[in-house]
Each structure stands twice: as structure tokens, then as C-alpha cells.
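Q:
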Amino acid sequence: MLGFLLRLLPFWVREPLLIAVGSVLGVRIMYLAVRDHDRVAAGLGVVFLVFTAIRVHAVIRALRARRNPSPTASADGAAVDAAPQPQAQPQPQAQAVTGSRPRPDTPEKEHNAWGQAVAAVAVFGALGAALWVAPRFMPSDDNAPQPASCSGGTHEELPKAYKDTPRPVTGEELCKALNRPDLAELLGTPEETATTASSTNNTAPLTDGKVAQPEAEVTFDTYTVNVSATYNELSTGQYVKLMKFGDEKDVKMLTVLGRPAVLSSDHTMKLEINLGSGGSGGPVGEGPLARTLSVALDRKDRGGYCDITVWSTSGALPNDSALLNIAEKVLPRIPERPVR
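The opening position of the sequence shown corresponds to residue 7 in this note's numbering, with each subsequent residue numbered one higher.
1. Three-state secondary structure (DSSP) at D87?
2. Just to confirm, is the Cβ distance from A235 to P211 under 7 Å?
3. When you compare only the Cα positions, how much space is there between E21 and A71?
4. Report the three-state DSSP secondary structure of Y311 (helix, strand or coil).
5. Here's the rule I'm using: 16 or more other beta-carbon atoms within 10 Å means buried, otherwise exposed. How should S205 be labelled?
6. Just tell me which of L263, T225, G177, V268 has its CA closest to the CA of A200.
7. Please give the ranges of any beta strand (DSSP E) in the segment 165-250, keeping only runs that are unbroken, at least 3 residues long and fully inside the region.
8. Which residues mark the beginning and the end of the alpha helix (DSSP H) in which T58 is found?
9. At what residues does the beta strand (DSSP E) containing K335 begin and finish?
10. Taking just the CA atoms, how far does K166 sit from T230?
11. Tell me which residue opens and which closes the alpha helix (DSSP H) that L38 is part of.
12. Considering only C-alpha positions, which residue in the set M249, V56, R339 is nearest to L6?
13. Can you round the beta-carbon distance between C156 and A203 to whole angstroms, since I take them to be within the 8 Å contact cut?
14. Per DSSP, what are the beta-bridge partners of V257 in this structure?
15. Going by Cα to Cα distance, which pick from R73, D256, R61 is closest to V19?
16. Between the alpha carbons of G252 and E191, how many angstroms are there, rounded?
17. Should G264 go down as buried or exposed, given a rule of 16 or more other Cβ atoms within 10 Å for buried?
18. Counting C-beta neighbours from all protein chains within 10 Å, is the total for A322 16 or more, i.e. buried, or is it exposed?
19. Does DSSP classify R305 as helix, strand or coil?
20. Taking D227 as the reference, which of V316, S300, P341, P174 has the closest Cα?
21. With a threshold of 7 Å between beta-carbons, can A267 be considered close to chain B, or not?
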């Protein structure tokens, strides 16, 4: 069907069309073949380019034939003109009829072949260019993994500690504040996407459920980021004193968004679970090193803090600047603790 439709087109439309399509497809296929090292695609691209070269040769021959008409036709025409014409008696009626006919040597208006060729090449060249650049601006249909999103389901009932705390943030709000589109870039791994994002509305341990401690966590292939807010009465200065009794390392005091803060390092816990016949778990061990930035919940440091912790299974840690950048993005989404 397509071949029949092509044969119906005039020569000066059909041939430029075939040249435009063949050249665009040939160059595109050859480019993909070189990029992907595909020999089959390279052979197919050569076929298209050879086909295009044949059509170009046919158009060139046709143009030359139009410029240089056949000398045989010119000689025959001259011989006909030179042949004597028989004398005829004047016939007024016949002459009148003859005079009304168009002259046989009047040249017919020829189609502009060059105009048709240029128009066809321009139109299909534009279509080919659109097909070439469209994949760069249109979303692809590949199976690329989508970033994990925070749960948007029904809200669970908050513990009583959240009702007794003025303006507490929830785990879901923390997750939305942490799971930013530029979080991977802030961590120094812009090519990665979040694999999991979760949140909980916990209470702080050893407080009998009286201290709200919402938490959110986002995991990438390289790093895991955890953010929690603890609504207790502990100031940053008191928190630093407690660190001296623990195993925290590289403790460093600083200020973040006008609030007192502290950087520290500590090992995570490693728990092994045996799913064999016994189903028993192994002892709790020492996990990879984690880096934590603890920032007061308000500028006056009246109690409570926000922890931003980063770690990786390999033990590698990003620069401290990554924690500071994350804090500058997340902290404005956490309401400051009001004056009591």
C-alpha cells in the first residue's frame, strides 16, 4: 500500500522524500550502532545510506537531462520546420477556425522542479529533526526506578505524648521534609534515587511514653538518612555533657540557623536474625559508624533537639557539610518550640 502511494507522487516530490527519510534514518541508526557497538544496526544503517545514495544519483541524472535536452529531438524539430508546406486556397471559414486554435509551438508552463524538491526536503528534514531530538525532551517509557515516596495512607492515632506537647511535628511531616528531590545531591550522590522512605510516631525510650519522638528515614544505595525530633527538657549543653559518658567521637560544637548544635560520631547497632530451624537471633553487635548533627528545637535552647544522622553499610560517611545542608533544608519545616 505504501509503495503504491509513493508511485502516485510526482518524481520531484517522491525522490526528495525518499532521500530525506533514508538519510535521517541511516544517520540515526549508524549513530546508535556506534554508541551501542551493534553490528546488526550498523549493517542496517549502511543499507539505508546506500539506498539514499542511489536516489541522489537518480535525481542528479534527472536534473542533467532537464538542463541538456536530447539533440535528436532538436534536429527532428528543425527538419520538420524546414519542410515545404503545400499551397492551399484561402478559405476564410477554415482560417477562422484555425485561428481560434492554440498555436502548437506555444510552450506549456512547466512545474518548478527545484521548488518541489526543496519544499519536500525541508518538510521531511524538519520531521526527521523532530524525531531526532524528541527523545531528549519527552519522558521515556523505560523501566527506570521511581523515587520512594512517603506513605500517604490514613493517619494512625498519635500517642498521648503528642497531645501533651505544644506544636509537635509528626513522623509523616518529618518524612516529607526529609524526602526532598535534591536530597541525593546534598549527600554528594546526585545520580541515586531513594529506595525507601518511612516514618513513625514513636516516643523516646526510657520515658514511659511521655516524650514524643517522631522519626523519618530515607534510604539510598550509598547512604541512609534518619531525622528525629525529641521533645524533652534536655538542652544542647546538657546533651553535650552526656556525650562525655558515651562513646561519641569527634564532638564539635557549632551554630546552625542561629541555634546551638553539636556534631558527633558513634557506631550503629548490628542485629543478626537467624531464620533457620531455631529462629533465634544473634547477639547485638557494633554496626558501621554514623555521623549525627543535633540541633536545638529553638534559638533559646529551652529543651529538645533534632537529630540528623547519616550512615552507610560500607562505613563511608559524607562530609559534615552534607549534614549542615540537610539541616538548613529540614529545620525550617519543624516548628520552633514555643515559650512555656
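C-beta atoms are modelled at their ideal positions from N, C-alpha and C, and glycine is treated no differently.
A: Working from what's here:
1. Note that D87 has pLDDT 44, beneath the 50 cutoff, so the model's placement of it is unreliable and no number is given.
2. no
3. 16 Å
4. Three-state DSSP puts Y311 in a strand.
5. Buried, since its Cβ has 16 or more Cβ neighbours within 10 Å.
6. T225
7. Secondary structure in the segment 165-250: the beta strand (DSSP E) runs of 3 residues or longer, each lying completely within the stretch, are 202-209, 218-225, 230-236 in chain order.
8. 45-73
9. Segment 326-336 is the alpha helix (DSSP H) holding K335; no beta strand (DSSP E) there.
10. Distance between the alpha carbons of T230 and K166: 29 Å.
11. 17-42
12. Because the chain in this structure spans residues 7 to 346, residue 6 falls outside the shown range and cannot be described.
13. About 5 Å; that satisfies the 8 Å criterion.
14. Under DSSP, V257 shares a beta bridge with no residue.
15. R61
16. 32 Å
17. exposed
18. exposed
19. coil
20. V316
21. Looking for chain B here will not work: only one protein chain is present.
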